[in-house]
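Only one structure is covered here, and it is reproduced in the block below.
Number of protein chains: 2
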Amino acid sequence: MSAEMHKKIRVILADDHPVVRDGLAAMVNQQPDMEVVAEAGDGDTAITLFEERKPDVMVLDLRMPKRDGLAVVQRVMEINPKARLLVMTTYDGDEDIFQCLSHGAKGYILKDAPRQEILSAIRAVSEDRPYTSSTVAAKALQRMAKPSLTERELDVLELVAQGRSNKDIARRLSITEGTAKTHVKSILTKLDAISRTEAVAVAHKRGLIRL
Amino acid sequence: MSAEMHKKIRVILADDHPVVRDGLAAMVNQQPDMEVVAEAGDGDTAITLFEERKPDVMVLDLRMPKRDGLAVVQRVMEINPKARLLVMTTYDGDEDIFQCLSHGAKGYILKDAPRQEILSAIRAVSEDRPYTSSTVAAKALQRMAKPSLTERELDVLELVAQGRSNKDIARRLSITEGTAKTHVKSILTKLDAISRTEAVAVAHKRGLIRL
DNA sequence: TTCCGCCTCTCTCTATCGGGAGAGGTTCGC
DNA sequence: GCGAACCTCTCCCGATAGAGAGAGGCGGAA
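Chains G and F, in that order, give the protein sequences. Take the first sequence: its letters are residues 9 to 219, numbered as in my numbering. Take the second sequence: its letters are residues 9 to 219, numbered as in my numbering.
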């Protein structure tokens, strides 16, 4: 504990891969101005730990068991609108970036980023400064120009992505085949796709659907 | 250098995420019986480093720039059939597992595995003992019962997954639409799918296609 | 050589898909 | 109260997809 040290940045890590947590923890704890105060392997414990430890920053993976990163962002911002969250993930789809940032995450960074960039991001977010690399920011802006799908359309899209026919989709959603077609047509228009299969490809690339 | 130490297990890490390499390196170097002798961020340097350093084990990620994990497995086994490779990845699709193991990887482990399991796997593979968790092994066995797609079918499947029509696929592959249909039909049969969109979903789950 | 798997092509036929154009009902916010 | 967006339903119609049944050529393996 040196004299010039004021207070370390207190960090919580939330990622379901022990290896990634170890890597981040090692990086962070090596810095004189920051320390890891807790680690979570799933979304629920991330939320609990955030409330208990009130860290300066929480680093969040998007894909996690129990509750995914986006859900954690929503819940935590609800509990504490001043929370400083840095999303760190491998997914660079428009939708993920857009959703996280518009729900209040202060930063979004990709896992293949170099060590220095990750540390810079943590520092920035801890001071309540937004951090987003130019490529990520560009995607968020792109996304803003695109039409959003409605909830129902997302329901339909999911079934389309599973390879269901319009008739099948209609049965599962308790609507007529005609209505299912209407939704699919609207999805095709919004995603600028010619066929349902292309729509699935586009939706996948944008991060509108998982798996 | 203590007296009871004979020789440490020399490990190379190949993963495009600096964070993951750090995490693994920290774990490995903390063990008295192993050490990291090199790290690679892409497939090409993984191969080069393997030849130069001749490690006891190389831990390989599947998704890497320049050359993916499977390609590295193939090339390294070609250079040195006695190579001991441990594939470590987030993908648990039949196809990835099957391909890696049948091309000679000694182990396959998922990134969300606990620390101890990862270390056990590295030790096992370093001694030329195969390591595969029961769930992973089960998938490899499942895959063996399934028909393989031919090269041409994989070409077609990729285009189908992009949302191309039969006509479009035919044009791109310089075949007639009828032939494209024949391939698609055969793909549907082999993947046990009713529609092309379902085929894409199945192929994706199995790891037959990326993105 | 003979067989077999793969790739190619052809034909027919039906179901499904996707474009186009409405229209009635709801629940919002203004 | 009045749009506006959303969900629902309805028609028509041409294009595409998928099932079924062959068949020829070409390569490698037995």
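Cβ atoms here follow ideal geometry from the backbone N, Cα and C, with glycine treated the same way.
Taking Cβ positions, are residue i and residue j nearer each other than 8 Å?
i       : j       : result
L109(G) : A148(G) : yes
A54(G)  : V80(G)  : yes
D50(G)  : K74(G)  : yes
L157(F) : I195(F) : yes
A129(F) : L94(F)  : yes
G77(G)  : R214(G) : no
V208(G) : V144(G) : no
V164(G) : V192(G) : yes
I17(F)  : R131(F) : yes
G115(F) : P138(F) : yes
R92(F)  : V28(F)  : no
I87(F)  : E43(F)  : no
Here's a check: name, in chain order, each residue in its chain whose Cβ is nearer than 7 Å to the Cβ of residue i, leaving out the five neighbours to either side.
i       : result
R123(F) : M35
P155(G) : K198
K119(F) : M96, T97, T98
K189(G) : N174
E161(G) : H191, S194, I195
H212(G) : none
Q150(G) : D102
N37(F)  : E43, V44
E159(F) : none
If you drop the 5 nearest sequence neighbours on each side, which residues of the same chain put their C-beta closer than 6 Å to that of residue i?
i       : result
A1(G)   : Nothing about residue 1(G) can be reported from this structure: the residues present for chain G run from 9 to 219 only.
K175(G) : E185
L216(G) : E103
V67(G)  : L21, L94, M96
M72(G)  : D24, D50, G51
A113(F) : V81, L93, V95
Between which residues of its own chain and residue i is the CB-CB distance below 8 Å, once the five residues before and five after are set aside?
i       : result
I126(G) : L32, M35, M96, I117
D52(F)  : K74, R75
H111(G) : L78, V81, Q82, M85
M152(G) : F106
V65(G)  : I17, R18, V19, I20, R92, L93, L94, I130, V133, S134
R180(G) : L167, R172
P26(F)  : G49
Q170(G) : none
When burial is assigned at 16 or more other CB atoms within 10 Å of the CB, is residue i buried or exposed?
i       : result
R204(F) : buried
D136(G) : exposed
S10(F)  : At S10(F) the pLDDT is 48, less than 50, meaning the model places this residue with poor confidence; the figure from the coordinates comes in the next sentence. Flag for S10(F) reads exposed.
S142(G) : exposed
D23(F)  : buried
A146(G) : exposed
A178(G) : buried
S182(G) : exposed
H14(F)  : exposed
P63(F)  : buried
E206(F) : buried
P40(G)  : exposed
D69(F)  : buried
Using a Cβ-based criterion (distance less than 7 Å to any ligand heavy atom), does residue i qualify as near the ligand HEM?
i       : result
G101(G) : The ligand HEM is not among the ligands present in this structure, which contains no ligands whatsoever.
Contacting positions in the region 103 to 122 of chain G - beta carbon closer than 7 Å to chain F: Flagged, chain order: K119, D120, P122.
Beta strand (DSSP E) runs wholly inside the region 56 to 103 of chain F, at least 3 long, in chain order: 65 to 68, 93 to 97
Near-chain F residues of the region 159 to 181 of chain G (beta-carbon distance less than 7 Å), N- to C-terminal order: V168, A169, Q170, G171, S173
Chain F contacts made by the region 25 to 40 of chain G, where a contact means CB separation under 9 Å: H25, P26, V27, V28, R29, D30, G31, L32, A33, A34, M35
Under 9 Å (Cβ pairs) to chain F, residues found in the region 188 to 211 of chain G: Within the region 188 to 211 of chain G, the residues whose Cβ lies closer than 9 Å to some Cβ of chain F are A201, I202, S203, R204, T205, E206, A207, V208, A209, V210, listed in chain order.
Interface positions of the region 118 to 150 of chain G facing chain F (Cβ-Cβ less than 8 Å), listed along the chain: Within the region 118 to 150 of chain G, the residues whose Cβ lies closer than 8 Å to some Cβ of chain F are K119, D120, A121, P122, R123, I126, listed in chain order.
Every unbroken alpha helix (DSSP H) within the region 119 to 166 of chain F, with a cutoff of 4 residues, ordered by chain: Whole alpha helix (DSSP H) segments, 4+ residues: 123 to 134, 142 to 152.
Whole alpha helix (DSSP H) elements within the region 14 to 63 of chain G, 4-residue minimum: 26 to 38, 51 to 61
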